[in-house]
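Colleague: Numbering (the numbering used here), first residue to last: 1 to 168.
In structure tokens, the structure reads:
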């Protein structure tokens, strides 16, 4: 069975896919892929008591990034075991078809299923998915490219598309 980074699916990714993380991060695919294999993805970050401003964060005053983002609580998703957030300004349009290929090739080279090699979560519930998409579309910190990708590919039908992609 091969891995498909579909809308609402989450996977914990690390350096094996060419991203340079200090430690693995959980990424959500938030939209279906376009014809080129791109989708909007966003990562989940733990809330820290003294989170310093991150590079690219518009809050130069030292406002913790989680106060400028969508806060997630334990139970919102199986991956979320403590207060975490999706840093809306860092949501991006990414070539997820390439990520799928690397995940599937890595697992195949070890002769295991992708879910044995990577931590993969089934689709998030509709309420959480809707909250994230709404925040991305409404938040002034969202990158223009992300909003344009969503509107150009899904327009006002996005929530109907989500209803068909996401299980409750």
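Ideal Cβ positions, reconstructed from N, Cα and C, are used throughout, including at glycine.
Since residue 128 is in the alpha helix (DSSP H), which residue starts that stretch and which ends it?
Modeller: That run of the alpha helix (DSSP H) goes 126 to 138.
Colleague: Output the distance between the C-alpha atoms of residue 126 and residue 70, rounded to the nearest integer angstrom.
Modeller: 16 Å
Colleague: Per DSSP, what kind of secondary structure is residue 81 in: helix, strand or coil?
Modeller: coil
Colleague: Taking only the alpha-carbon atoms, compute the straight-line gap between residue 105 and residue 8 and give it to the nearest angstrom.
Modeller: 22 Å
Colleague: Could you please give the first and the last residue of the uninterrupted alpha helix (DSSP H) stretch that includes residue 102?
Modeller: 96 to 109
Colleague: Which of the three DSSP states is assigned to residue 46 in this structure?
Modeller: DSSP places residue 46 in the strand class (E or B) of the three-state scheme.
Colleague: To the nearest angstrom, how far is it from the Cα of residue 86 to the Cα of residue 5?
Modeller: 18 Å
Colleague: Compare the Cα-Cα distances from residue 79 to each of 155, 123, 130 and 154 and report the closest residue.
Modeller: 123
Colleague: Helix, strand or coil for residue 151? Go by DSSP, reduced to three states.
Modeller: If DSSP states are grouped into helix, strand and coil, residue 151 belongs with the helices.
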